[in-house]
Structures are given as C-alpha cells and as structure tokens.
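Take a look at the structure below.
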Amino acid sequence: MTSSSSSAEHRPKGLGLSRFWRSERGAILVEFALVLPMMLLVFAVIVEGSRMMWSYQAAISGVRDATRYLARILPSDICASGGTADSYAGTITAIVDRSISGGSVVPGGITIQTVTPSFTCHEGSYRGGNVAVAEVAAQVEITFPLVRVLQFFGAASERFTTTITDRSRVFGA
C-alpha cells in the first residue's frame with residue numbers, strides 16, 4: 000500500500016454538509032421538541048381543570064350539607080320569636096371544612112376564607128305564618144399547583160376566590 004491510499008481509508012465518510020442536510024436522523028426528536036410545549040399546556044389544563052372542579056364540587060357539597068343542617072336545627076318559629084344563626088357558625092364552618100378536606104384522592108388546594116350562616120323571613124299568607132329560609136355563604140380560595148406551567152403560556156393568577164351560597168327552608172328542630 001502506498002501512503003496516499005492509507006490516508007484515504009482513514010478519512011471518515013459522510014461528514015459533508017450536503018449529507019447532513021439530506022439525512023433524516025433526529026427528525027422525530029425535532030418534531031417532538033416542537034410539539035412538547037402544546038402537550039404540556041394540554042396536560043396542565045386537564046389536570047388543573049379536573050382538580051379545580053373536584054375541589055369546587057366538594058365545597059358545594061359542604062355548603063349544601065351545612066345549609067341542610069342549619070335548616071333543621073333552627074327553630075321553626077324563629078321569625079316570630081327572633082334570634083340569630085350566629086351561634087351555629089362554628090358547627091357550620093366545621094361541616095364545610097370536613098367536606099373539603101375529608102378523604103379526597105385529589106390534593107386540596109382549596110381554603111375556606113369565611114362561612115356565614117344566616118336566615119331571612121319571607122312574609123306571606125303561608126300556613127304557619129312567616130317562612131324562614133336558612134342561608135349559608137362560604138367564601139373559598141382555590142389555588143393551582145401547576146401554575147408555573149400555565150404562566151409559561153400567559154396565565155396571570157395562581158388562585159381565585161369565589162363565594163358559594165345555598166338556601167333551604169327552615170323546618171325547625
């Protein structure tokens with residue numbers, strides 16, 4: 000062998016620029032990199048939306064249970080005798096809190112700001128006189144754990160506050 004033929008054998012083949020542009024190796028990786036942000040956004044929206052609805056439904060259930068309890072525990076003649084529902088605030092708050100934090104598969108992220116029990120008297124020609132309607136209003140704050148992913152796409156807030164209200168006719172104890 001001559002020295003010129005041995006140097007040609009050791010030169011790597013296919014390192015030219017034209018061969019690089021024609022090659023399709025790595026195309027799938029590039030396509031995945033282009034689609035990954037949208038996949039992350041869809042994943043975050045699905046997870047956060049599902050968790051938010053689960054937590055919100057738990058809060059609604061707690062407010063509904065607390066309203067039913069208040070409607071049963073208030074005296075049926077509370078409109079005639081007077082009185083307030085303030086003495087039941089601790090029990091009502093505990094009912095709503097238990098519903099929100101009780102044995103959920105999905106992590107919390109919802110906190111109770113305030114729970115307000117009250118009642119209103121509706122005048123009319125009803126059997127038994129005026130009718131009392133119990134009301135429970137809970138102000139809750141829902142936080143989003145995956146907010147960093149959503150902020151990457153322009154989401155502004157990591158939490159929101161809403162008020163859940165339910166009413167029920169007072170049947171009395």
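Counting from 0, one number per residue, gives the positions in the sequence shown under numbering that gives the first Met the number 0.
We put the CB at the ideal spot given by N, CA and C, even for glycine.
From a predicted model like this one, the values you see are computed outputs, not experimental measurements.
Own chain partners of Gln150 with C-beta closer than 8 Å, once the 5 adjacent residues on each side are dropped: Translated into the one-based positions of the sequence shown, residue 150 becomes position 151. Once the five neighbours on either side are set aside, the close Cβ partners of Gln150 are Glu157.
How close, in whole Å, do the beta carbons of Thr162 and Ala133 come, if the pair is a contact with beta carbons under 8 Å? Start at 1 with the first residue of the sequence shown, and residue 162 comes out as number 163. Start at 1 with the first residue of the sequence shown, and residue 133 comes out as number 134. About 16 Å; that fails the 8 Å criterion.
Alpha-carbon to alpha-carbon, Phe42 and Arg24: Taking the sequence shown and counting its residues from 1, one reaches residue 24 at position 25. Taking the sequence shown and counting its residues from 1, one reaches residue 42 at position 43. Rounded to the nearest angstrom, the two C-alpha atoms are 28 Å apart.
Let me make sure I understand the geometry here. Which of Met52, Pro144, Ala70 and Ala58 has the alpha-carbon closest to that of Pro116? Translated into the one-based positions of the sequence shown, residue 116 becomes position 117. Measuring from the Cα of Pro116, the nearest candidate turns out to be Ala70.
Is the shortest distance between the beta-carbon of Val44 and the beta-carbons of chain B less than 9 Å? Judged by its chain identifiers, the structure shown contains no chain B, having just a single protein chain.
Suppose contacts are defined by Cβ-Cβ distances below 9 Å. Is Val146 in contact with Ile77 by that definition? Working through the sequence shown from its first residue, we reach residue 146 at position 147. Working through the sequence shown from its first residue, we reach residue 77 at position 78. Contact flag unset, no.
Leaving aside the five residues before and after Ile94 along the sequence, list all residues of the same chain whose C-beta is less than 8 Å from its C-beta, in chain order. As a working note, residue 94 is residue 95 in the sequence shown. Correct list, in chain order: Gly61, Asp64, Ala65 and Tyr68.
Candidates Thr113, Arg126 and Leu33: closest to Gln138 by CA position: Within the sequence shown, numbered from 1, the residue matching residue 138 stands at position 139. Nearest C-alpha to Gln138: Thr113.
How far does the alpha helix (DSSP H) with Asp96 in it reach, from first residue to last? On the sequence shown, position 97 is the one that residue 96 refers to. First-last of the alpha helix (DSSP H) with Asp96: Ala88 to Ser100.
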